[in-house]
Amino acid sequence: MLMWLTDPCRYDRWTRPSPTDSNGKTGGPTRVFTRVYVYFLGSVEAQQLHFTAHILIRYRWRDDRLVHSSSKSSIQGENKLKERVWIPHVYIVNEHDSNIMGSGRQDILVTVQPDGTVLYSARLKVSLLCMMNLQKFPFDEQTCPLILESWTYNNTHLELVWEHDSPAVLNSNLRMTEYNLVSIWTNATVSEYALTKSTPIDENYKNKGYSPSVIEHVHYYGKFAGNYSQLIVNFELEREVGHYIMDYYVPSIMLVVVSWVSFWLDPNAVPGRTTLGTSTMLTFITLSRNTGSSLPKVSYIKATEIWFIVCTAFIFGSLVEFAFVNTIWRRKKNVELKKVNSKHIFKSTLTPQMQRKLSIDSGIDKGTISGKLSRRENKSKSLLSVGDLDPVVCPHPEPLENFSIRVPTLNDNKTSVGGGLFTLTPQEIAQWIDQRSRIAFPAAFLVFNCFYWLYVYL
């Protein structure tokens, strides 16, 4: 029966079947109904921008030339039957690589029913290109399509149509390693290719800058020009972030926090604070390189790069803070402040005043003062006494034998000197900056985290 139906004298396998309407008239496009069954979705290779899938694809169309009345309900065959009947040439637009699966023989099945309905089924392993948006990596969601399109016939001759019931079916046991399959949906569209393009006949006019008056229309795609029927299966994938949270974000947060330990060390502890800062910086850079090595090089900034830049800035900031306080710690001269606050401390520290000269203007015309200096301390103040002075010429009726000068102690932060100024030692300023850094750095990092996690999840 099959050999008789497909005999070349009555059947041309290279000619598409022309549909027949209820009035017996032939014409119009051949409608090919399509269904896809997804067995397996493999890993999504972000660097190569493709993913793999194992699918069963089935096409159904009507070929009145194959109508028969047989004792069997249908005629089934594999490659031999495929080579004798007309099969629509449908290709995968975003195909990276594909092959028909099968051990020993290809998994192809062709069924011809008595009413002329033909079913063509094939099991494929396909690698599909997926243009990913990695701005929110690793908190990204990707929509990867499977695009089917007619190759030889445009939509005036062949129309691809989804089956009305369950056009795309998923394996109930389907699981993915790095992604979670959120949803799957289908749609049908038309791919438009330009029929012609206009080019000037005489290229000399174009080279000379003139607008040529004669234009010819060149067929750009030849016989393939036109609108082609297209079917799309969209896989919405959501990346599983547990691996990245545990292997990247938690360790990087711990490294940033460890870099703040230097704020509790002595500002003069150069080996300890330097080793701590450089080791955390190098460890964090190594951690980040391992995380981003599997990603393609893109022109935009990814979420992981934002995290890397900010965390690097915090670790580097702790090193800069150490260099700053250590420089202040090694200064010899005290700093006079109008007020003990951040503004005046940083202003006086960054722009130290010129050394002031101490002058005594008490009406002394001339002479020298010499004597013995002694220090006497009590619970409330320290006294610097000068005794055994040589005679000096001064307007006072009695010679100066003893006088006392109150000297501020190193820990007396609020001691006011002449002109309403406060005096702090360099060591006190360095410790003051460390104390403020213990609060400022964690608070700033907490604010950044609030904005960052809102960005990646919204």
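For the sequence shown, my numbering assigns the number 1112 to the initial residue and increments by one for each residue that follows. Where a beta carbon is used, it is the ideal one built from N, C-alpha and C, also for glycine. Quick caveat: nothing in here was measured; it's all calculated off a predicted structure.
Q.
What would DSSP say about Asn1265, mapped onto helix, strand or coil?
A. In the sequence shown, residue 1265 corresponds to position 154, counting from 1. Residue state, collapsed to three classes: coil.
Q: Can you tell me which of the three DSSP states Thr1438 falls into?
A: Residue mapping note: residue 1438 aligns to position 327 of the sequence shown, counting from 1. Correct three-state label for Thr1438: helix.
(Q) Using DSSP's beta-bridge definition, name the partner residues of Arg1169. (A) Taking the sequence shown and counting its residues from 1, the one referred to as residue 1169 is at position 58. Arg1146, Ser1232.
Q: Could you name the residues of the same chain whose beta carbon sits closer than 6 angstroms to that of Gly1337, not counting the 5 residues immediately before and after it, in chain order?
A: As a working mapping, residue 1337 is identified with position 226 in the sequence shown. Closer than 6 angstroms at Cβ, skipping near neighbours: Asn1265.
Q.
Taking a contact to mean a Cβ-Cβ separation below 8 angstroms, would you say Val1344 touches Pro1199 in this structure?
A. Locating residue 1344 in the sequence shown gives position 233, where the first residue counts as 1. Locating residue 1199 in the sequence shown gives position 88, where the first residue counts as 1. Their beta carbons are not under 8 angstroms apart, which means Val1344 does not touch Pro1199 by this criterion.
Q: Compare the C-beta of Phe1419 with all C-beta atoms of chain B and state if any pair is closer than 8 angstroms.
A: Note that chain B does not occur in the displayed structure, where there is just one protein chain.
Q. Apart from the five residues on each side of it in sequence, which residues of its chain come closer than 8 angstroms, Cβ to Cβ, to Ala1157?
A. The residue given as residue 1157 occupies position 46 in the sequence shown. So the qualifying residues of the chain are Met1243, Leu1245, Phe1248, Ser1405, Leu1406, Pro1407.
Q: List the DSSP bridge partners of Arg1400.
A: Position 289 of the sequence shown, counted from the first residue, corresponds to residue 1400. Note: Arg1400 sits in no beta bridge, so no partner.
Q. If you count every other CB in all the chains shown that lies within 10 Å of the CB of Arg1350, and 16 or more means buried, which is it?
A. Indexing the sequence shown from 1 puts residue 1350 at position 239. With 16 or more Cβ atoms within 10 Å of its Cβ, Arg1350 is classed as buried.
**Q.** Asn1298 to Leu1342 span [Cα, whole Å]
**A.** As a first step, residue 1298 must be located in the sequence shown, where it is residue number 187. As a first step, residue 1342 must be located in the sequence shown, where it is residue number 231. In a straight line, the C-alpha of Asn1298 is about 6 angstroms away from that of Leu1342.
Q.
Rounding to the nearest angstrom, what Cα-Cα distance links Arg1547 and Val1567 in this structure?
A. In the sequence shown, counting from the first residue as 1, residue 1547 sits at position 436. In the sequence shown, counting from the first residue as 1, residue 1567 sits at position 456. So the alpha carbons of these two residues sit roughly 31 angstroms apart.
Q) What do you reckon, are the CB atoms on Leu1271 and Val1201 nearer than 8 angstroms? A) For the purposes of this step, residue 1271 is taken as residue 160 along the sequence shown, with counting starting at 1. For the purposes of this step, residue 1201 is taken as residue 90 along the sequence shown, with counting starting at 1. Cβ distance < 8 angstroms, so Leu1271 and Val1201 count as in contact.
**Q.** Distance CB(Arg1142)-CB(Glu1274) smaller than 8 angstroms
**A.** Looking up residue 1142 in the sequence shown gives position 31. Looking up residue 1274 in the sequence shown gives position 163. No. Outside cutoff.
Q: Tell me, to the nearest whole angstrom, how far the beta carbon of Asn1445 is from that of Leu1535; I am working on the premise that it is less than 8 angstroms.
A: The residue given as residue 1445 occupies position 334 in the sequence shown. The residue given as residue 1535 occupies position 424 in the sequence shown. Contact holds; Cβ gap of about 7 angstroms.
Q: Tell me where the alpha helix (DSSP H) around Asn1190 begins and ends.
A: Position 79 of the sequence shown, counted from the first residue, corresponds to residue 1190. First-last of the alpha helix (DSSP H) with Asn1190: 1190–1193.
Q | Which of helix, strand or coil DSSP assigns to Asn1560 | A | In the sequence shown, residue 1560 corresponds to position 449, counting from 1. The answer is helix: DSSP assigns Asn1560 an H, G or I state.
Q: Kindly list the residues whose CB is nearer than 6 angstroms to the CB of Val1303, restricted to its own chain and excluding five residues on each side of it in sequence; keep chain order.
A: In the sequence shown, the residue the question calls residue 1303 occupies position 192. Before going on, a small fix: residue 1303 reads as Glu here, not Val. Asn1338, listed in sequence order.
Q.
Just list the residues that DSSP pairs Trp1273 with in beta bridges.
A. Locating residue 1273 in the sequence shown gives position 162, counting from the first residue. Answer is Thr1145.
**Q.** Which residues DSSP lists as bridging Ile1364, in chain order
**A.** As a working note, residue 1364 is residue 253 in the sequence shown. Answer is none; Ile1364 lacks a bridge partner.
Q: Give the secondary structure of Arg1121 by DSSP, where H, G and I count as helix, E and B as strand, and everything else as coil.
A: Counting from one through the sequence shown, the residue named residue 1121 turns up at place 10. Note: Arg1121 maps to coil in three-state DSSP.
Q) Do Tyr1148 and Val1280 have their C-beta atoms within less than 8 angstroms of each other? A) Taking the sequence shown and counting its residues from 1, one reaches residue 1148 at position 37. Taking the sequence shown and counting its residues from 1, one reaches residue 1280 at position 169. Contact: yes.
Q: Going by DSSP, name the residue or residues bridged to Phe1162.
A: Taking the first residue of the sequence shown as 1, we reach residue 1162 at position 51. Answer is Val1155, Leu1239, bridged to Phe1162.
Q) Is Cys1207 helix, strand or coil by DSSP? A) Walking along the sequence shown from the start, residue 1207 turns up at place 96. Before going further, note that residue 1207 is His rather than Cys in the sequence given. Residue state, collapsed to three classes: strand.
Q | Pair within 8 angstroms by beta-carbon distance, Thr1254 and Glu1347 | A | Indexing the sequence shown from 1 puts residue 1254 at position 143. Indexing the sequence shown from 1 puts residue 1347 at position 236. Yes; because the gap between Cβ atoms is below 8 angstroms, this pair is in contact.
Q: Please work out which residues of its chain come closer than 6 angstroms, Cβ to Cβ, to Val1293, disregarding the five sequence neighbours upstream and downstream, and give them in chain order.
A: Taking the first residue of the sequence shown as position 1, residue 1293 is located at position 182. Excluding residues within five positions, the ones whose Cβ falls inside 6 angstroms are Glu1347, Glu1349.
Q: Measure the alpha-carbon distance for Val1352 versus Phe1250 and round it to whole angstroms.
A: Along the sequence shown, read from residue 1 onward, the residue named residue 1352 stands at position 241. Along the sequence shown, read from residue 1 onward, the residue named residue 1250 stands at position 139. Cα to Cα, Val1352 sits roughly 6 angstroms from Phe1250.
Q.
So for Thr1423, helix, strand or coil by DSSP?
A. Translated into the one-based positions of the sequence shown, residue 1423 becomes position 312. Of the three classes helix, strand and coil, the one that applies to Thr1423 here is helix, per DSSP.
Q) Can the beta-carbon of Lys1236 be found closer than 8 angstroms to that of Asn1210? A) By one-based count along the sequence shown, residue 1236 stands at place 125. By one-based count along the sequence shown, residue 1210 stands at place 99. Taking 8 angstroms as the Cβ cut-off, Lys1236 and Asn1210 qualify as a contacting pair.
Q.
Excluding the 5 residues flanking Leu1220 on each side, which residues of the same chain have their C-beta closer than 6 angstroms to its C-beta?
A. Taking the sequence shown and counting its residues from 1, one reaches residue 1220 at position 109. Within the same chain, Leu1220 has close Cβ partners Ser1232.
Q: Have a look at Phe1552, Asn1284, Arg1234 and flag the residue whose alpha-carbon is nearest the alpha-carbon of Arg1169.
A: Your numbering for residue 1169 matches position 58 in the sequence shown. Minimum Cα distance to Arg1169 is reached at Arg1234.
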